[in-house]
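What follows is a short report on a single structure.
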Amino acid sequence: MTALYAYIRFSTDIQIKGDSIRRQTEMCQNYANRHGYTLPEENILIDKGKSAFTGENVKTGELGKFLTKLDQGEIPNNSILITESVDRFSREGFLSVIDIIKRASSKVKLITLNDEQELCMNSFDSMQQTLTIVLQSILAQEESAKKSKRISSAWAEKRRNLSHKKLTARCPSWLTLDRDNDTFNEIPDRVTIVKNIFELSFSGLGTNAIAKKLNSEGVKPFGHSNQWASSSLSKILTSKAVIGIFTPTQRIDGVKVALKEIHNYFPEIIDEDTFHAVQEKRKLNKSTSTGPK
């Protein structure tokens, strides 16, 4: 019996919230129905937020895992892999696309749904198909490059207009954005908790001890967790947001890179002297601690 696999990829929040996943899934299911195949849910490979422009979908995504299983003989040879178009595989350029097609089609039948064309090793003898793939790959790569540049430019413009409008509604869990006035407001009870956490850390308590104390006192954590954890406390204690600093990030070549810090972006709830004193105290505690916690 032929095993059918479907590959779906979308890389942005807009696509996740939009129609991309429904459309691609529907195309794959329609193909299965027309040809009398069954498409099990576990055979639908979805790379959500994995960029084909940077190759993340192959390096760490479901496509990469599928190709590895192919190489290891874990996928039946009579299987079929379907996808919307070749640019779902890669937008790094035609050499990358051809490499993926050769790697996959040497073991399974490969079908693109936009033209229901089979791509295989032998088909590369066809100059027309090769040229079509090269052209599609070049256009897809150029489109992704333009999109990346537009997004970078948009964020750069937002950073230039910080005095008039905040970059994003995202903020620390002890603040909330007033959209009408475009200002961040403190959540009083949470600010009090953060200040208490810094006081406890400054007094010499480690994050495990602070978590134990807060949990025993029934202090409700931020977010969905039922208990305070050492990791969440460490994030609060090292966050420069408490002294008003916002550090925007940007993906460059698939890697998240911290950009220039923006001071006075958030309300300052911890004075700088206390913040830096706590950092030094934590370093000292780490250097002198031995054995299990």
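Here my numbering is used: the first residue of the sequence shown is 139, the next is one more, and so on. We put the CB at the ideal spot given by N, CA and C, even for glycine.
State the beta-bridge partners of residue i as determined by DSSP.
i: L219; result: Y143, L248
i: R322; result: At residue 322 the sequence reads Phe, which differs from the Arg that was named. DSSP output for F322 lists L315 as bridge partner(s).
i: G183; result: Per the sequence shown, residue 183 should be read as Leu rather than Gly. BP columns for L183 point to Y145.
i: T176; result: In DSSP, T176 forms no bridge with anything.
i: I400; result: F384
Quick one: is residue i buried, meaning 16 or more other Cβ sit within 10 Å of its Cβ, or exposed?
i: R226; result: buried
i: E188; result: Looking at the sequence shown, residue 188 is not Glu but Lys. With 16 or more other Cβ atoms within 10 Å, it is buried.
i: Q162; result: buried
i: L422; result: exposed
i: D185; result: buried
i: L233; result: exposed
i: R147; result: buried
i: G211; result: exposed
i: A135; result: Here the chain covers residues 139 to 431 and nothing more, so residue 135 does not appear.
i: S354; result: exposed
i: E399; result: exposed
i: T445; result: Since the first residue of the chain shown is 139 and the last is 431, residue 445 is not available in this structure.
i: A144; result: buried
i: E418; result: exposed
i: G356; result: exposed
i: N252; result: exposed
i: G193; result: buried
i: G344; result: buried
i: S339; result: buried
i: E179; result: exposed
i: T250; result: buried
i: N181; result: buried
i: T387; result: exposed
i: N216; result: exposed
According to DSSP, is residue i part of a helix, a strand, or is it coil?
i: E410; result: helix
i: K373; result: helix
i: E256; result: strand
i: K424; result: helix
i: S339; result: helix
i: R308; result: coil
i: K378; result: helix
i: E164; result: helix
i: Q210; result: coil
i: F262; result: For F262, the predicted structure reports a pLDDT of 49, less than 50, and the residue's modelled location is therefore unreliable. A value from the coordinates is still provided. Note: F262 maps to helix in three-state DSSP.
i: G199; result: coil
i: S363; result: coil
i: E418; result: helix
i: S228; result: coil
i: V357; result: coil
i: K333; result: helix
Quiz prompt | Stretch pair the stretch 361 to 370 + the stretch 340 to 351: three plus CB contacts closer than 8 Å | solution = Contact holds: three or more Cβ-Cβ distances are below 8 Å.
Exercise. Would you be able to state if there are at least three C-beta pairs under 8 Å between the stretch 400 to 409 and the stretch 315 to 327?
Key: Yes, they touch.
Practice problem: Count the C-beta pairs between the stretch 161 to 179 and the stretch 216 to 224 that are closer than 8 Å, then say yes if the count reaches three, no if not. | Solution: In this structure the stretch 161 to 179 touches the stretch 216 to 224; the number of beta carbon pairs closer than 8 Å is three or more.
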